[in-house]
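Before any comments, here is the structure.
Residue numbers (the working numbering): 10 to 566.
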């Protein structure tokens with residue numbers, strides 16, 4: 010039974026953890042009894058998991074009370090606790106949706122999988138099991154699409170015993186779904202821009218001098234990185250940064266360059282991830298840019314190549330489909346960027362081998378009405394909304410470094426979660442944040458600037474950077490492969506009808522998928538149907554034309 014359950018368990022990490030446990034270990038403190046309904050009841054330390062009278066009927070009543078809306082196959086029910094699988098069985102037979110089981114006690118999981126055959130449930134592909142909250146949130150983020158319904162249900166008795174774990178679960182589910190909604194809104198807004206920037210930047214790299222950031226891996230071992238973000242608390246530390254300038258290698262997000270120029274602080278690296286509207290930020294700073302190096306993602310605003318930076322270092326994002334295909338023909342190392350210039354700076358500092366990483370100006374929250382170190386103030390529309398660049402942003406409260414609640418934007422709250430997940434993935438412990446009022450970010454040590462243990466930089470930046478070799482993209486075979494995939498789309502498109510085959514051919518073409526990502530998401534939300542098939546076909550034709558035109562314009566075909 011156990012081996013059959015494990016055969017269909019779609020979680021290699023959990024499999025590995027379960028295999029390290031013996032049945033003798035997992036059976037300790039476990040016991041059974043019979044209920045008046047003649048069902049077995051599982052207990053640990055004499056505490057029952059399920060209802061002591063009629064566990065099956067109790068599960069049915071709980072689900073009726075908890076789930077008020079119909080659940081479709083793309084929706085998700087998260088069950089807290091596994092018990093003897095009465096809850097799993099009822100959810101599986103009642104709803105057609107995906108089922109995620111979160112059982113925080115690995116030994117309980119081991120015991121149940123040795124005694125209850127759920128191989129049919131696992132073999133269906135609908136059921137995912139884990140004992141790790143982080144693992145569960147990664148899975149949720151992977152499959153969740155806006156408009157999907159997510160419900161959390163639980164064994165009542167177990168919820169009393171594991172109340173803190175249940176509270177953490179519900180909070181993380183909310184944060185992950187909110188974060189994904191922000192991600193999807195970003196994709197909808199920028200996917201086409203990212204693609205066009207990528208094609209322009211490939212051409213720019215091959216037409217000028219550029220370097221791969223990955224070639225600097227571990228070149229700064231033993232040194233201290235100072236990352237300057239754009240929050241208002243940066244201004245509190247400018248004089249201290251100037252006084253200790255020789256103790257850091259400085260990374261600055263592009264938005265703070267004017268502040269740094271006015272204060273005579275030249276960063277070693279300027280980090281740019283914005284895909285557009287970066288021109289106003291850098292206009293008039295060409296002489297200042299010439300004193301610093303630029304770190305940019307391949308899909309960042311291509312205007313950066315005109316800004317006279319000393320050197321430009323290119324980074325590549327792991328979740329970028331175009332990059333994945335490009336890497337098949339080029340020596341490319343991709344990293345998780347985290348979605349902002351500040352998180353990209355963190356990833357860069359870790360990869361470059363710094364021993365300590367310090368943040369200044371990383372507030373992710375507002376101090377009064379001031380929102381940036383540049384002095385910009387919020388345009389408050391209401392108590393729950395502000396307007397930024399003519400776009401309304403919802404206000405939410407998050408925990409601050411002081412323990413109190415502080416106002417921030419809803420998308421900033423999502424970025425906080427990105428930061429925390431990124432720090433866990435990086436496994437880097439020496440991260441300090443000097444904000445005096447900003448958002449609490451798990452994984453960072455909150456200290457004042459004066460209390461940070463500083464390490465003297467032992468090697469000059471220009472000396473190390475001078476060793477790096479320029480690079481060029483190999484594009485001929487890559488472009489041929491991309492054109493082959495686009496021709497596949499044209500072949501399906503020639504039938505003149507919308508179909509899953511058309512969607513599939515688009516998804517298989519990285520360039521087409523990047524361009525039409527928002528449209529594909531809408532189709533997925535509509536369960537592989539299009540509200541306007543003819544409009545989807547016209548959008549596909551336009552995508553083909555724009556992509557081929559851009560490839561030609563950038564001398565890639």
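C-beta: ideal position from N, C-alpha, C; glycine also.
I believe residue i touches residue j by the beta-carbon criterion, under 8 Å. Please report the beta-carbon distance rounded to the nearest angstrom.
i, j, result
"residue 374", "residue 407", "7 Å"
"residue 369", "residue 246", "5 Å"
"residue 354", "residue 280", "4 Å"
"residue 566", "residue 492", "7 Å"
"residue 325", "residue 303", "Their Cβ separation, rounded to whole angstroms, is 15 Å, which puts residue 325 and residue 303 out of contact at 8 Å."
"residue 80", "residue 156", "At roughly 13 Å, the Cβ-Cβ gap does not stay under 8 Å, so residue 80 and residue 156 are not in contact."
"residue 382", "residue 240", "6 Å"
"residue 178", "residue 162", "With a Cβ gap of about 11 Å, residue 178 and residue 162 do not count as contacting."
"residue 307", "residue 323", "6 Å"
"residue 188", "residue 426", "5 Å"
"residue 38", "residue 65", "At roughly 25 Å, the Cβ-Cβ gap does not stay under 8 Å, so residue 38 and residue 65 are not in contact."
"residue 365", "residue 233", "5 Å"
"residue 254", "residue 274", "7 Å"
"residue 30", "residue 116", "6 Å"
"residue 35", "residue 120", "4 Å"
"residue 27", "residue 118", "7 Å"
Per DSSP, residue i forms a beta bridge with which residues?
i, result
"residue 57", "52"
"residue 394", "391, 403"
"residue 306", "324"
"residue 110", "88, 138"
"residue 221", "323"
"residue 577", "An answer regarding residue 577 cannot be provided, because it is not within the stretch 10 to 566 covered by the chain."
"residue 265", "Residue 265 is not bridged to any residue."
"residue 386", "379"
Can you list, in chain order, the residues of its chain with a C-beta nearer than 7 Å to that of residue i? Leave out the 5 residues immediately preceding and following it.
i, result
"residue 327", "343, 344, 345"
"residue 445", "242, 245"
"residue 24", "15, 18"
"residue 401", "390, 394"
"residue 143", "433"
"residue 352", "346, 427, 428, 431"
"residue 386", "378, 379, 380"
"residue 69", "99"
"residue 75", "160, 162"
"residue 181", "142, 146"
"residue 465", "In this predicted model, residue 465 has a pLDDT of only 44, less than 50, meaning its place in the structure is not dependable; the value taken from the coordinates is given anyway. Closer than 7 Å at the Cβ level, and outside the excluded window around residue 465, lie 256."
"residue 86", "80, 100, 104, 106, 108, 160, 162"
For residue i, which of helix, strand or coil comes out of DSSP?
i, result
"residue 324", "strand"
"residue 298", "helix"
"residue 555", "helix"
"residue 458", "helix"
"residue 373", "coil"
"residue 330", "helix"
"residue 82", "coil"
"residue 469", "Bear in mind that a pLDDT of 44 at residue 469, under 50, signals an unreliable position, so the model cannot answer this."
"residue 234", "strand"
"residue 123", "helix"
"residue 282", "coil"
"residue 485", "helix"
"residue 202", "helix"
"residue 156", "coil"
"residue 448", "strand"
"residue 19", "coil"
"residue 93", "coil"
"residue 418", "strand"
"residue 228", "coil"
"residue 165", "helix"
"residue 246", "helix"
"residue 443", "coil"
"residue 260", "strand"
"residue 183", "helix"
Suppose the cutoff is 6 Å on Cβ atoms and the five residues either side in sequence are ignored; what does the same chain contact list for residue i look like?
i, result
"residue 514", "497, 498, 501"
"residue 52", "40"
"residue 469", "Because residue 469 carries a pLDDT of 44, less than 50, the predicted location of this residue cannot be relied on, and the following value inherits that uncertainty. Correct list: empty, nothing qualifies."
"residue 356", "344"
"residue 557", "none"
"residue 270", "297"
"residue 467", "Residue confidence for residue 467 is low, a pLDDT of 42 falling below 50, so the modelled location carries little weight; the figure read from the coordinates is stated next. Counting only Cβ-Cβ distances below 6 Å, and skipping sequence neighbours, we find nothing."
"residue 575", "Past the edges of the chain, shown from 10 to 566, lies residue 575, and the structure says nothing about it."
Which same chain residues, not among the five before or five after residue i, have their C-beta less than 8 Å away from its C-beta?
i, result
"residue 287", "263, 281, 309, 310, 312, 313"
"residue 508", "501"
"residue 216", "none"
"residue 435", "355, 356, 359"
Contact the segment 200–219 vs the segment 444–464: 3+ CB pairs below 8 Å: no
The segment 114–125 / the segment 76–93 touching (three or more Cβ pairs under 8 Å): yes
Validate contact between the segment 478–495 and the segment 327–338 using beta carbons, cut 8 Å, 3 pairs: yes
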